[in-house]
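> In our numbering, the protein residues as written are 52 to 188.
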Amino acid sequence: MPLPRYAEHVVSAMVLTSVTTHLIISRRAAAEEKRKLEAQTSVLSDLVDRARRGSRISDTEYSRLLALVSLGNPSTLPPTPFPATDGEEHNRGATSWKEVLLGRKPSEKTREQLEEEARMEWEAGMCWSIAWSCNPM
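#1: Which residue comes first and which comes last in the alpha helix (DSSP H) that contains residue 85?
#2: Of all the CB atoms in chain D, is at least one closer than 8 Å to the CB of residue 89?
#3: Less than 8 Å between the C-beta atoms of residue 190 and residue 108, yes or no?
#4: What's the C-alpha gap between residue 86 and residue 59?
#5: Going residue by residue through the region 142 to 171, where are the continuous beta strand (DSSP E) segments of at least 3 residues, counting only ones entirely within it?
#6: Secondary structure at residue 107, three-state DSSP: helix, strand or coil?
#7: With a cut-off of 8 Å on the beta carbons, I'd call residue 120 and residue 90 a contact; round off their distance for me.
#8: Out of 65, 162 and 95, which has the shortest C-alpha to C-alpha gap to residue 117?
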């Protein structure tokens, strides 16, 4: 059975698109890696200069700078700067696979707010679709 007339062109276009996309992604990854390495070099050279001058570097600042350039121990990294919101009692870093796949169960307050917003939206939609003159509260 012969190939369709334009099969060669379709395959070559797909190959060309794939190679181009791969090169663009590789170029962006290399540029990001270069920026990361330049930042690490900058922070570490600043640490070396300060040490050569004899200025005292506190342990917390030293740990913070190493964590900043991703050279520190991950267990010693400072906690997230974003506070928990909407009654979240647990640590944001402790996320189970169940929560990742199925989502986090909202608190009762949040659930009630979501149900109220959904009810208001439903009533407003019904008023518009039926063209009644009602005022959802």
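Heads up, the beta-carbon is just placed ideally off N, CA and C, and yes, glycines get one too.
Let's see:
#1: By 1-based counting over the sequence shown, the position of residue 85 is 34. 58 to 104 is the extent of the alpha helix (DSSP H) around residue 85.
#2: Chain labels in this structure do not include chain D; a single protein chain is all it has.
#3: Shown here, the chain extends from 52 to 188; a query on residue 190 therefore has no answer.
#4: Numbered from 1 along the sequence shown, position 35 holds the residue referred to as residue 86. Numbered from 1 along the sequence shown, position 8 holds the residue referred to as residue 59. Those two C-alpha atoms are separated by around 41 Å.
#5: Runs found: none.
#6: As a working note, residue 107 is residue 56 in the sequence shown. Residue 107 carries a coil assignment under DSSP once its states are collapsed to helix, strand and coil.
#7: Taking the first residue of the sequence shown as 1, we reach residue 120 at position 69. Taking the first residue of the sequence shown as 1, we reach residue 90 at position 39. Between residue 120 and residue 90 the beta-carbon gap is near 7 Å, inside 8 Å, which marks them as a contact.
#8: Residue mapping note: residue 117 aligns to position 66 of the sequence shown, counting from 1. The alpha carbon of residue 117 has as its nearest neighbour, out of 65, 162 and 95, the alpha carbon of 95.
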